[in-house]
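J.: The structure under discussion is supplied below as structure tokens; questions concerning it will follow.
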Amino acid sequence: MRRIYLNEGNVDFEFTQTKDDFFVTEIPNREFANKGKYLILKVQKIEMTTWDMVAVFRKHLNIDATEIGYAGLKDKHATTIQYLSFDARYSNSLKKFKHKQIKILEIMKDNKSIRMGDLKANRFGINLYNIDNIKAGQIEKTLKKIEKNGLANYFGYQRFGTKGDSVLQARSMIEGDLHVDDPKLRNFLISVYQSDLFNEWLKKRVNLSSNGKFKLFEGDIYMLEDEKLITPKEIPLKDFLARKLFVTGLLPGRDVFRTRAKAREIEKEFDDEFLPFKGYRRVALIYPQDFSIKFYSKEKKLFLSFTLPKAAYATVLLEALKAEEIR
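Position one of the sequence shown corresponds to residue 1 (our numbering), numbered consecutively onward.
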């Protein structure tokens, strides 16, 4: 069953994720000091995963992958720009670096290395095809609704890997029917299991909402801009609408806050209280920003660009526009 959204466009368009049609640029969460013991590289990679890129640099410098810092994982089938950090002693070697799929755009310095999550947002640029004037208008209308009411922050298909049976494998492992020795695969299946439960919970909450607006319940847990979690005694509708706080959903596990009251009645259906792995809370509703549309009528192509907070999926926005699952 596909994910559902508060505001859906039901626009029929063609999209294929390729290096020529899918662009991502990281927006760092800080300005770099341009001095310090770390090199900060702004790099462009084409048609390769972040892990593959890290492996190339690791081999070039003959170092361990743990010495290379990066803020997030970027899509393989795309042209992406992201930031990496290295010890400054590798400066001369990096100046000699050349690779057909990786280009160093800029070299800076900073006092701190880059760590996973050191990211404010991502800027996306996506080509959509088979678009006419009517469809372009429908897309623009739907985007305005999403900009106002928010977008359900589902995990996209990329979270679940290339094989369609990862959720079933994850459940089998959690229930003890499947033994997994590889720690990397085990961690992946744990995240798949948690993410699937979150997505199902979010789908339920969207179903309980109406008029394109997300419904809040007593006992919901909210995240502030500094990522602190709170549970107000009363539903904080005013602050929610002002985007001062953001309702969250559960990725089940240990050491994580659970909701209460009516919100807990809903959440409990998608919880696994005995899961012996770290749990998390994820913002349920995000607000895409800085939409830009360029329509090319002769090519029947629309170039859509927008900014999403870190850990959000651009393909989820496309699903809302199309009202179909994107893969």
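Where a beta carbon is used, it is the ideal one built from N, C-alpha and C, also for glycine.
#1: Would you check whether the ligand PLP has a heavy atom nearer than 7 Å to the C-beta of T49?
#2: Please state the DSSP three-state secondary structure of I293.
#3: Give the DSSP-derived three-state secondary structure of I126 in the structure shown.
#4: Quick check on the DSSP output: the alpha helix (DSSP H) that includes P236 runs from which residue to which?
#5: How many angstroms separate the CA atom of N133 from the CA atom of E140?
#6: Please state whether DSSP places Q17 in a helix, a strand or coil.
#7: Ordered along the chain, which non-local residues of its own chain (more than five positions away) have a Cβ less than 6 Å from that of E90?
#8: With DSSP run on the structure shown, which of helix, strand or coil describes F274?
#9: Would you kindly report the start and end of the unbroken alpha helix (DSSP H) that includes R205?
#10: Do you know whose CA, among N34, L229, K203 and K145, lies nearest F291's CA?
#11: Does G279 come out as helix, strand or coil in the three-state DSSP assignment?
#12: Give the straight-line distance between the Cα atoms of V247 and K135, rounded to the nearest whole angstrom.
#13: Which word fits W201, buried or exposed, when buried means at least 16 other C-beta atoms lie within 10 angstroms of its C-beta?
#14: Whole angstroms is fine: what's the gap from G219's alpha carbon to E269's?
#15: When you compare only the Cα positions, how much space is there between S113 and K228?
#16: DSSP has R254 in a bridge; who is on the other side?
#17: So within the region 56-95, which uninterrupted alpha helix (DSSP H) runs reach at least 4 residues, ignoring any that extend past its ends?
#18: Using only CA atoms, which one of V11, Y296 and P252 lies nearest to F277?
#19: Looking only at C-alpha atoms, which of G125, T307 and Y296 sits nearest to Q289?
#20: For F32, name the three-state secondary structure that DSSP assigns.
T.: With the structure as the only source:
#1: This structure simply doesn't include the ligand PLP, nor any ligand for that matter.
#2: Reduced to three states, the DSSP call for I293 is strand.
#3: Three-state result, I126: strand.
#4: Where P236 is concerned, there is no enclosing alpha helix (DSSP H), given that its DSSP letter is neither H nor E.
#5: Cα to Cα, the separation comes out at about 11 Å.
#6: Coil, per DSSP.
#7: The amino acid at residue 90 is misidentified as Glu; the sequence shows Tyr. If we look at Y90 and ignore the five residues flanking it on each side, its Cβ neighbours are L61.
#8: Coil.
#9: Its alpha helix (DSSP H) spans residues P183 to L208.
#10: Ranking the options by Cα distance to F291, first place goes to K145.
#11: Here G279 carries a coil assignment [DSSP, helix/strand/coil].
#12: Rounded to the nearest whole angstrom, the CA to CA distance from V247 to K135 is 32 Å.
#13: Buried, by the Cβ-count rule.
#14: Rounded to whole angstroms, G219 and E269 show a C-alpha spacing of 15 Å.
#15: In this structure, the CA atom of S113 is about 24 Å from the CA atom of K228.
#16: Its beta-bridge partners are K278.
#17: Within the region 56-95, the complete alpha helix (DSSP H) runs of at least 4 residues are 91-95.
#18: Minimum Cα distance to F277 is reached at P252.
#19: Of G125, T307 and Y296, the residue nearest in Cα terms is T307.
#20: F32 carries a coil assignment under DSSP once its states are collapsed to helix, strand and coil.
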